[in-house]
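Visitor:
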Amino acid sequence: MREVTPKKIMEMKGREKITMITAYDYPSALLADKAGFDIVFVGDSLGMVVYGDENTLNVTMEQMVFHTRAVAKAVKRALVLADMPFGSYEVSVEEGVKNAIKLIQAGADAVKIEGGADHEKLVRKLVRMGIPVMGHTGLTPQRYLRLGGYRIMGGTDEEVEEIIRDAKALERAGAFAVVLEFVYADVAKMVTEEVSIPTIGIGAGPWVDGQVLVWHDVLGLIDFSPPFAKRYANLKEEVLKAISEFRREVKEGKFPGKEHYWTRG
Ligand SMILES: Nc1nc(=O)c2c([nH]1)NC[C@@H]1CN(c3ccc(C(=O)N[C@@H](CCC(=O)O)C(=O)O)cc3)CN21
Ligand SMILES: CC(C)C(=O)C(=O)O
Ligand SMILES: [Mg+2]
Numbered sequence: 002m003r004e005v006t007p008k009k010i011m012e013m014k015g016r017e018k019i020t021m022i023t024a025y026d027y028p029s030a031l032l033a034d035k036a037g038f039d040i041v042f043v044g045d046s047l048g049m050v051v052y053g054d055e056n057t058l059n060v061t062m063e064q065m066v067f068h069t070r071a072v073a074k075a076v077k078r079a080l081v082l083a084d085m086p087f088g089s090y091e092v093s094v095e096e097g098v099k100n101a102i103k104l105i106q107a108g109a110d111a112v113k114i115e116g117g118a119d120h121e122k123l124v125r126k127l128v129r130m131g132i133p134v135m136g137h138t139g140l141t142p143q144r145y146l147r148l149g150g151y152r153i154m155g156g157t158d159e160e161v162e163e164i165i166r167d168a169k170a171l172e173r174a175g176a177f178a179v180v181l182e183f184v185y186a187d188v189a190k191m192v193t194e195e196v197s198i199p200t201i202g203i204g205a206g207p208w209v210d211g212q213v214l215v216w217h218d219v220l221g222l223i224d225f226s227p228p229f230a231k232r233y234a235n236l237k238e239e240v241l242k243a244i245s246e247f248r249r250e251v252k253e254g255k256f257p258g259k260e261h262y263w264t265r266g
């Protein structure tokens, strides 16, 4: 078992900020673990940042299992969390259970489900089976079509009530934490104060128990990032520079140089 457990994450509430970052492959997961993140998270955002889709709706269990396997091989210390993709848990509790097992067998320590009140039964069942669950409310990207895009949530009384209802349902069902995505910071603060489980924010302001961002946003590997993401590097430029130099050296006959090839005599 890895060092960071759901129990440890729960104990961090109000004591120490929880840090979480996405990773989708082996080399990035190695670095996330080395950097000391508490949670390394295989998000279904991989459909967009790795596979180039315009939303997360086409991500399959097969994709999640393969990427979870790669990440799990790299991570020794952090808790490895995997998203349940769209369609993998909505049809029935039974299907949700079967698919959660697949992610655990691929090496995840816990799974994340979008929604709260709608999946209370599934969360309770998984927790009783021994599969730790993180919930996710506020902006839930799997409702992209109904929402008509990605926008901030909690602007109406109904939306605020739904977010609170979800968080409380998750707490009641035994979830060990909940992601609050793109909600007004004062709403996130209220939720954080009203539930005993840690809240992990993304675009939810500072008054939450932890923060998560997407790998490609942090590193500046893509053109379009959400307005709440902070870019800590501009790797897109770095990568472009490096591969362009490789290309130029081939064209100019400069690569490979003596140290990169062998002759028999
Ligand atoms: N790279 C990346 N980072 C993320 O944080 C992320 C993803 N992808 N994919 C899955 C979800 C979707 N997220 C997003 C994506 C875009 C906006 C965004 O651009 N919102 C704008 C425009 C909304 C509109 O189209 O009207 C805004 O100002 O609210 C917000 C959250 C967060 N998640
Ligand atoms: C944005 C985070 C919370 C997520 O669910 C993902 O990356 O898939
Ligand atoms: Mg997700």
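Following our numbering from start to finish, the sequence shown increments by one per residue and tops out at 266. Beta carbons are placed, not taken as given, at the ideal position from N, Cα and C, and that holds for glycine.
#1: Figure out for me which residue from Q106, G204, M85 and V128 has the closest Cα to the Cα of I114.
#2: Report the option in A83, A101 and L82 whose CA atom is closest to the CA atom of E91.
#3: Beta carbon of G267, beta carbon of Q212: below 7 Å?
#4: Quick one: residues in its chain with C-beta nearer than 7 Å to the C-beta of M135, no 5 flanking neighbours on either side, listed in chain order?
#5: On the premise that F38 lies in contact with L79, defined as a C-beta separation below 8 Å, what is that separation, rounded to the nearest angstrom?
#6: Would you call the stretch 135-149 and the stretch 46-65 in contact, with 3 or more CB pairs under 8 Å?
#7: Quick one: any contact between the stretch 59-73 and the stretch 8-17, if contact means 3 or more CB pairs under 8 Å?
#8: Between V192 and A168, is the Cβ-Cβ spacing less than 7 Å?
#9: Please report the residue range of the alpha helix (DSSP H) in which E4 lies.
#10: Since P199 and I10 should fall inside the 8 Å C-beta cutoff, what is the C-beta to C-beta distance between them, to a whole number of angstroms?
#11: Is D54 near ligand 3, going by C-beta to nearest heavy atom under 6 Å?
#12: Comparing alpha-carbon positions, which option in A109, V161 and F247 lies nearest V5?
#13: I think V60 touches F87, with their Cβ atoms under 8 Å apart; what is that distance to the nearest whole Å?
Guide: Quick answer:
#1: M85
#2: A101
#3: The shown model of the chain, from 2 to 266, leaves out residue 267, and the question about it has no answer.
#4: L82, A111, K113, A176, F177, A178, V179 and V180
#5: In the sequence as presented, Leu is not what sits at residue 79; that position holds Ala. So it is a contact: roughly 5 Å between Cβ atoms.
#6: yes
#7: no
#8: yes
#9: Premise fails: E4 is in no alpha helix (DSSP H) and is neither H nor E.
#10: 6 Å
#11: no
#12: A109
#13: 7 Å
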